[in-house]
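Visitor: Got a structure here, written out as structure tokens. Questions coming.
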Amino acid sequence: MKQMYDVEKVIGQYSGLSRKVLEYSLAMKTLLDDSKKPGFDPARWEEMGAFLDTENFERIGNFKEVMDWPTYRDFLAGWAPNAEWECSFKRVTENGNLVLLELEERTSMGGAQNAVNSLSVYEFDDAGKVDHLDIYLQMPLPDPALLASYADVDITG
């Protein structure tokens, strides 16, 4: 079994685009946690745009759904206040403008819990911004309550 670590404990070992991906993960976790605090302004999700080419960004998600930046930002703003998310670092691989990040992700939502192995493929443009993100998961069949957050997302591919 591969040993896993907290992202905070391994980030200092990385530089370049790999480091940017790990910083992205930590920023996502911070906003997700902050979204549950009184007075959180959903407009803060725009902070994630600092990592992205927001004009050209495309995310292909868990169910092959395609989201541009405004759609993804709005999805996060609706999902985050109702979800708990944490991860453990497995491995990061960088090749050219691609970074592959392997995590174990754990999510709780509405009493339902799920743990998945994820592989996220980050594609960077020449300016060092993510313009494409693919998400791949290994998981048992999810609890229907976890799927409820996708009610307004077209997952028909």
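Going left to right, the sequence shown walks through residues 191 to 347 as our numbering numbers them.
C-beta atoms are modelled at their ideal positions from N, C-alpha and C, and glycine is treated no differently.
Only a predicted model underlies this, so the values are computations on that prediction, with no experimental measurement involved.
#1: From the DSSP output, in three-state form, read off VAL343 for me.
#2: Cα separation between ASP243 and PRO334?
#3: Pick helix, strand or coil for MET329, following the three-state DSSP scheme.
#4: Taking DSSP's pairing of strands, which residues face VAL311 in a bridge?
#5: Helix, strand or coil: how does DSSP classify PHE279 here?
#6: Less than 9 Å between the C-beta atoms of PHE265 and VAL343, yes or no?
#7: Just confirm the distance between the C-beta atoms of VAL282 and LEU216, as a whole number of angstroms; I'd bet it's less than 8 Å.
#8: So which of SER339, ALA317 and LEU309 has the shortest CA-CA distance to TYR326?
#9: For GLY300, collect the residues of the same chain with a Cβ closer than 6 Å to its Cβ; drop the 5 residues on either side in sequence, then sort them by chain order.
Guide: Put simply:
#1: VAL343: coil per DSSP, three-state reduction.
#2: CA-to-CA, the gap between ASP243 and PRO334 works out to about 33 Å.
#3: MET329 falls in the coil class under three-state DSSP.
#4: For VAL311, which the question treats as bridged, DSSP gives the partners LEU290 and ASP324.
#5: When secondary structure is reduced to three states using DSSP, PHE279 falls in the strand class.
#6: Contact flag set, yes.
#7: Separation of the CB atoms of VAL282 and LEU216 is rounded to 13 Å, and the pair is thereby denied contact status at 8 Å.
#8: Looking only at SER339, ALA317 and LEU309, the smallest Cα-Cα distance to TYR326 is reached by LEU309.
#9: Non-local C-beta neighbours of GLY300 in its own chain, meaning closer than 6 Å and more than five positions away in sequence, comprise ALA335, ordered along the chain.
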